[in-house]
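Below is one structure; the comments refer to it alone.
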Amino acid sequence: MHKTTVAIVGRPNVGKSTLFNRLIGQSAAITQDMPGVTRDRIYGTARWLNKAFSIIDTGGLDPSSDDPMLSSMQAQTQLAIEEADVIVCLFDGQAELTTTDYEIVQRLRETQKPVYYVANKIDGPRHENMAFVFYQLGIPDLLTISAEHKLGLDELLDKICEHIEEDEEEVEGEGGEPAAMRIAVVGRPNVGKSSFVNYLLGEDRMLVTDIAGTTRDAIDSDVYANGTHYVFIDTSGIRRKSRVFDPVERYSVIRSFRSIDRSHIAFIMLNAEDGITDQDVRIAGYAYNNGRAVLLVVNKWDVIEKSTETAGEFALQIKEKLKFLDYAPIIFISALTGQRVTKTLELADRIYAQYNKRIATSEVNTALERMVREFQPPAYRGKPVKFYYASQSAVRPPTFVLFCNHPDGVHFSYKRYLINQFREQFEFTESPVYLRLQAR
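Okay, so the sequence shown: first residue is 0 according to numbering that gives the first Met the number 0, each after it adds one.
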């Protein structure tokens, strides 16, 4: 079913992202008191009175600008306008009219779509009087709101919901979570994360330039393939803390790490031209420490001079630097040409199945008994270490609890042996496996 789509457009710094965050009920878009923070189209779902609709946050419109970055932002905004069923045109209710406001209104009139003109930052009666100036634009009606203080949003939502059918609600899985596989695409700046997601989407939804740091927000995009619903989270590039001075970029980096937290699988994007760097190791380590499944995606493979040994040698370098991810699959792609990009979905399906796999308790105990029989644990303070019982306590990641007489006496090398055995026995070959030892 087609879900009604609402686009929020307007000049830079009029409060579009603040309104977007209010309507979807979470901080999905970065807000900062400076123009140009939002650069891509950001999608979310808003609900009001048992109705749901898609909403798009856009970058600032400034048709007269010839700045290359702003021009790219205009193109993204124009795509959002074309995609939308309803448009919310936002003004700064405390600012004076500009020629840009007239140009935006004229452009929206040409769309022949429902447009609601909204003056934001109306925080009291004094600002209400200031808002009447916007009628000089020749608009039929004006709504006044304060997105920051949640004033007037109910009236705006009522207007939007006039265009939405009663049964347009999002189907969700258990616990209110979308029934989808969530994949965070993370890595250093300019490794091709947005190009990769754009290729899967079949459209230029994410802004792509040669300028590192173009993506600022963590952006969710739905991909349907092979009967599976994937949600790809494109994130900003993660640089070393010592190189991050811009407060917006600093917040973007935080949001990138949070995107890993809410994902099932982290696609760690590596640049084939640079090899694997210390920052790549830090990013991968964060995903590993937070129990996320990982796919190592080596991008820009098309620009590398190759021989029959090149891929194998590169894989060895990765395994050497990321010893803690020796189970993670590696794939060599080109987001530019599309080489093996769709193959990543097949790998994600395989990883996700293992990540969610649950083993019967009887099978776990039978396997544990065999492991201990084949390789006895070292003694602890002259006393034998005995394992009594085991079970799988969780999935995402698969976690096994082993009860023994001396949990602190089990050497880390023996834990590694047990993990490797569980991985091999139950075919967790591409998923993290966690082990907890407890006293009986």
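Don't be surprised by glycine CBs; every beta carbon is placed ideally from N, CA and C.
Name the two residues that bound the continuous beta strand (DSSP E) containing L269. 264-270
Return the chain-ordered list of same chain residues with a C-beta closer than 8 Å to the C-beta of L401, the five sequence neighbours on each side being excluded. L367, F386, Y388, A389, L417, L434, R435, L436, Q437
Please report how far the alpha carbon of I303 lies from the alpha carbon of P328, in whole angstroms. 20 Å
Note the first and the last residue of the continuous alpha helix (DSSP H) segment covering Y468. Given that the chain is displayed from residue 0 to residue 439, the structure contains no residue 468 and the question cannot be resolved.
With burial defined as no fewer than 16 other Cβ atoms inside 10 Å of the residue's Cβ, what is the status of P377: buried or exposed? exposed
If the criterion is Cβ atoms closer than 9 Å, does the pair W300 and F323 meet it? no
Taking 9 Å as the cut-off, decide whether the C-beta atoms of L321 and I264 are in contact. no
Tell me the start and end of each unbroken alpha helix (DSSP H) in the stretch 374-433 that is at least 4 residues and wholly inside, in chain order. 411-424
Three-state class that DSSP yields for D122 in the structure shown: coil
Report the three-state DSSP secondary structure of R339 (helix, strand or coil). coil
Going by C-alpha to C-alpha distance, which of H148, S412, E147, T143 sits closest to E154? T143
Considering only C-alpha positions, which residue in the set E161, T234, D260, T365 is nearest to N197? T234
Using the rule of at least 16 other Cβ atoms within 10 Å of the residue's Cβ for burial, across every protein chain shown, is E308 buried or exposed? exposed
Does the beta-carbon of G9 have 16 or more other beta-carbons within 10 angstroms, so that it is buried, or is it exposed? buried
Going by DSSP, which residues form a beta bridge with A183? I232, A265
Using the Cα positions of E169 and T44, report the straight-line distance between them to the nearest angstrom. For E169, the predicted model reports a pLDDT of 41, less than 50, meaning its position is unreliable and no value from the coordinates is stated.
Starting from V104, trace the alpha helix (DSSP H) both ways and give me its first and last residue. 98-108
Where the beta strand (DSSP E) through T44 begins and ends: 41-47
Would you mind sorting A393 into buried or exposed? The rule is 16 or more other CB atoms within 10 Å of its CB. exposed
Based on DSSP bridge pairs, tell me the residues matched to S53. T4, T44
Please report the distance separating the alpha-carbon of Y287 from that of L96. 51 Å
If the criterion is Cβ atoms closer than 9 Å, does the pair V340 and F195 meet it? yes
Bounding residues of the alpha helix (DSSP H) (the contiguous stretch that carries P283): Rather than Pro, the amino acid found at residue 283 in this sequence is Ala. Run containing A283: 277-288, per the alpha helix (DSSP H) assignment.
From the DSSP output, which residues share a beta bridge with D260? The partner list for D260 (beta bridge, DSSP) is empty, contrary to what the question assumes.
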